[in-house]
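Undergrad:
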Amino acid sequence: MEFECSVCFTSYPISDSVIYCCPFGDEEDSNEVHGTCVDCVRGLAKTAAEDAPVAKGGIGLLCSSCNNIIPTESFQIYLDPDIHQTLMKRLQRESIIEAGLNDMSTCSNCGIEVWVDRDTDFYDCFCGRRQCRNCPRIYDEDHQGISCEELDRQQSPKLESKLSEIAIRTCSRCNVPFVQWNGCNKIVCRCGAKHCYVCRERIEDYSHFCQCGWKGTTGECSKCHKSCPLHGVAEERDKKRMEEIKKKLDGENNDIDVCRKSDLNLSGEPNPNPAVDLFSED
C-alpha cells in the first residue's frame, strides 16, 4: 500500500510517516483528506514560521490541496527545535489576533507585539522606543496629555510620514503593515484578511476588480465601471499622490532622520509602563 504526497506528489509506502489534513469548523471542505510526507510538512512549517498563511486561529497549517487544516499536534514532533519554537510563537500571535484582544499593541519601530495595560497611554518597548499605545506615534512631549485625534488636528503634516502613509498599507484586521512586490492587486494578509492594494479597502474576492485590461490611474473603466484594475497602476497612483504631497509641502525642511535619539527613552528614568512580551521564552 502506498500514499501520494499532496505537495510533492511522490508515492511512499503507507508504513512511512504520513500527516493527514482534517476539516475544522467553518473551514470544513469535504470528507476527503490529503496525506503529506514528513519532508513536505517540515517545508510547510518553515514557510509558515516566516510569513506564509496559517490555519485560522493559529491551530495549525493549511492543507495545500483543500480548505482543511493540518493540526499542530499531528506534525510538531517532526520539526527541528528552532523551527518549532518560531512556528509556535507565530501560531500564538495568530490566535491572539483571532481572539481580538484589545490589550495587544504593536511597536511601530520594531514590530514586536506586546501586552499593555489598556488604562495606559504609552509604554516603553524593548527596542527603546516610547510608543503610544493607541497610534503609531512616538509618545513624546508633543503627544503627552493630548489625544491622538487632537494631535492629528494640531500637527502640520510632515513629508516623511505622509509619503509613508501612501507607500505602506496596513491590514485592517491585524494592523500589520505591508507593501506589494509583485503579483496582482488582491492581497491576502497572513491573518487571512483580503484587501485591494489600489484602494486599500477590505474585499472578499476578485469581483472587486476591473479585469477588462484598463490601466487608468484615475476614474473608472468605461466597460465595467470599476476603478481598481486587477494588475498594475497602484505604484503609478502612489507616485502621483506623492508628487501632490511634495508640491503642497514644498519649502518645509524635510531632512528627517530615519531614526532619531528623540524616538527613544534615553533618560534613564524607570519605565512606568512596562510592556509584556507574551511570546518571550524568559
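Position in the sequence shown (from 1) plus 172 gives the number in the numbering used here. For each residue, glycine too, the CB sits at the ideal point set by N, CA and C. As the structure is a prediction and not an experimental result, all values here were calculated from the model.
1) Grouping DSSP H, G and I as helix and E and B as strand, with all else coil, what is His-380?
2) Closest by CA to Val-351, which one among Ile-375, Arg-214, Tyr-369 and Gln-383?
3) Is Ile-231 helix, strand or coil when you go by DSSP?
4) Taking the straight line between their C-alpha atoms, what separation do you get for Pro-225 and Cys-212?
5) Give a yes or no on contact between the stretch 217–231 and the stretch 252–264, applying the rule of three or more CB pairs nearer than 8 Å.
6) Quick check: the Cα distance between Glu-174 and Gly-215, rounded to an integer number of angstroms?
7) Could you pull the DSSP bridge partners for Tyr-369 from this structure?
8) What does the alpha-carbon distance come out to for the pair Tyr-250 and Gly-283?
9) Using the C-alpha atoms, what's the distance from Cys-193 back to Cys-371?
10) Taking 6 Å as the limit between beta carbons, can you name the residues of its chain near Leu-335, skipping five residues before and five after?
11) Does Asn-425 come out as helix, strand or coil in the three-state DSSP assignment?
12) When DSSP labels each residue in this structure, what does Leu-296 get in the three-state scheme?
13) Take Asp-435 and list the residues in its own chain whose beta-carbon comes closer than 6 Å to its own, dropping the five residues that flank it on each side.
14) Considering Glu-174, what are the terminal residues of the beta strand (DSSP E) in which it resides?
15) Would you check if the stretch 239–247 and the stretch 374–384 touch, i.e. whether three or more CB-CB distances between them fall below 8 Å?
16) Taking the alpha carbon of Ile-306 as the reference point, which residue from Asp-293, Ile-417 and Asp-312 has its own alpha carbon closest?
17) Go to Gly-207, then tell me how far its beta strand (DSSP E) extends in each direction, as first and last residue.
18) In this structure, does DSSP put Cys-343 in helix, strand or coil?
19) Please return the same chain residues whose Cβ sits closer than 6 Å to the Cβ of Thr-342, not counting the five positions on each side in sequence.
20) Can you give me the Cβ contacts of Glu-408 inside the same chain, cut-off strictly under 7 Å, excluding the 5 residues immediately before and after it?
21) Grouping DSSP H, G and I as helix and E and B as strand, with all else coil, what is Arg-152?
22) Alpha carbon to alpha carbon, what distance is there between Asn-347 and His-367?
23) Please report how far the alpha carbon of Lys-412 lies from the alpha carbon of Glu-204, in whole angstroms.
24) Answer with buried or exposed for Gln-303, where buried requires no fewer than 16 other C-beta atoms within 10 angstroms of its C-beta.
25) Which partner residues does Val-213 have in the DSSP bridge list?
26) Quickly, what does DSSP pair Ser-277 with across the bridge? List them, please.
27) Roughly how far, in whole angstroms, is the beta-carbon of Asp-410 from the beta-carbon of Ala-339, given that I think they are within contact range, below 8 Å?
28) Just to check my reading of the structure: Gly-404 and Lys-420 have Cβ atoms closer than 8 Å, yes? What is that Cβ distance to the nearest angstrom?
29) How many Å lie between Val-210 and Ser-187 at the Cα?
30) Ile-186 bridges to which residues according to DSSP?
TA: This is what the structure holds:
1) Within the sequence shown, the letter at position 208 stands for residue 380. The answer is helix: DSSP assigns His-380 an H, G or I state.
2) Reading the sequence shown from its first residue, position 179 is the one you call residue 351. Closest by alpha carbon: Tyr-369.
3) Taking the first residue of the sequence shown as 1, we reach residue 231 at position 59. Three-state DSSP puts Ile-231 in coil, outside helix and strand.
4) As a first step, residue 225 is located in the sequence shown; it is residue number 53 there, counting from the start. As a first step, residue 212 is located in the sequence shown; it is residue number 40 there, counting from the start. Each residue's Cα considered, the two are about 16 Å apart.
5) yes
6) Along the sequence shown, one-based indexing puts residue 174 at 2. Along the sequence shown, one-based indexing puts residue 215 at 43. When only Cα atoms are considered, Glu-174 and Gly-215 end up about 21 Å apart.
7) Against the sequence shown, residue 369 aligns to sequence position 197. None; Tyr-369 has no bridge partner.
8) If you number the sequence shown from 1, residue 250 lands on position 78. If you number the sequence shown from 1, residue 283 lands on position 111. In a straight line, the C-alpha of Tyr-250 is about 29 Å away from that of Gly-283.
9) As a position in the sequence shown, residue 371 is number 199, starting the count at 1. As a position in the sequence shown, residue 193 is number 21, starting the count at 1. Here the C-alpha atom of Cys-371 lies approximately 36 Å from the C-alpha atom of Cys-193.
10) On the sequence shown, residue 335 is found 163 positions in, with the first residue counted as 1. Once the five neighbours on either side are set aside, the close Cβ partners of Leu-335 are Met-414.
11) Position 253 of the sequence shown, counted from the start, is the residue given in the question as residue 425. At Asn-425 the pLDDT is 34, less than 50, meaning the model places this residue with poor confidence and gives no usable figure here.
12) Residue 296 sits at position 124 when you count from the first residue of the sequence shown. A quick correction: the sequence has Asp, not Leu, at residue 296. The answer is strand: DSSP assigns Asp-296 an E or B state.
13) Translated into the one-based positions of the sequence shown, residue 435 becomes position 263. The predicted position of Asp-435 is uncertain, since its pLDDT is 43 and thus under 50; a value taken from the coordinates is nonetheless stated next. Counting only Cβ-Cβ distances below 6 Å, and skipping sequence neighbours, we find Arg-301 and Ile-310.
14) Translated into positions along the sequence shown, residue 174 becomes position 2. Element bounds for Glu-174: 174–176.
15) no
16) Position 134 of the sequence shown, counted from the start, is the residue given in the question as residue 306. It is worth fixing the name first, because residue 306 is Asn in this sequence and not Ile. Of Asp-293, Ile-417 and Asp-312, the residue nearest in Cα terms is Asp-293.
17) The sequence position of residue 207 within the sequence shown is 35, counting from 1. DSSP places Gly-207 in the uninterrupted beta strand (DSSP E) bounded by 207–209.
18) For this step, residue 343 is matched to residue 171 along the sequence shown. Coil, per DSSP.
19) Sequence index remark: in the sequence shown, residue 342 carries index 170 (1-based). Correct list, in chain order: Pro-349.
20) As a working mapping, residue 408 is identified with position 236 in the sequence shown. Within the same chain, Glu-408 has close Cβ partners Thr-389.
21) Given that the chain is displayed from residue 173 to residue 454, the structure contains no residue 152 and the question cannot be resolved.
22) As a position in the sequence shown, residue 367 is number 195, starting the count at 1. As a position in the sequence shown, residue 347 is number 175, starting the count at 1. Their Cα atoms are separated by approximately 12 Å.
23) Taking the first residue of the sequence shown as position 1, residue 412 is located at position 240. Taking the first residue of the sequence shown as position 1, residue 204 is located at position 32. About 50 Å.
24) Counting from 1 along the sequence shown, the entry for residue 303 is found at position 131. Gln-303 is buried by the Cβ-count criterion.
25) Taking the first residue of the sequence shown as position 1, residue 213 is located at position 41. For Val-213, which the question treats as bridged, DSSP gives no partner whatsoever.
26) Reading the sequence shown from its first residue, position 105 is the one you call residue 277. DSSP lists Val-286 as partners of Ser-277.
27) Reading the sequence shown from its first residue, position 238 is the one you call residue 410. Reading the sequence shown from its first residue, position 167 is the one you call residue 339. Going by Cβ atoms, the distance from Asp-410 to Ala-339 rounds to 6 Å, so yes, they are a contact pair.
28) Here residue 404 is taken as the residue at index 232 of the sequence shown, counted from 1. Here residue 420 is taken as the residue at index 248 of the sequence shown, counted from 1. That belief does not hold up - the Cβ atoms of Gly-404 and Lys-420 are roughly 26 Å apart, past 8 Å.
29) If you number the sequence shown from 1, residue 210 lands on position 38. If you number the sequence shown from 1, residue 187 lands on position 15. The alpha-carbon atoms of Val-210 and Ser-187 are separated by roughly 12 Å.
30) Taking the sequence shown and counting its residues from 1, the one referred to as residue 186 is at position 14. According to DSSP, which records beta bridges pairwise, Ile-186 is partnered with nothing at all.
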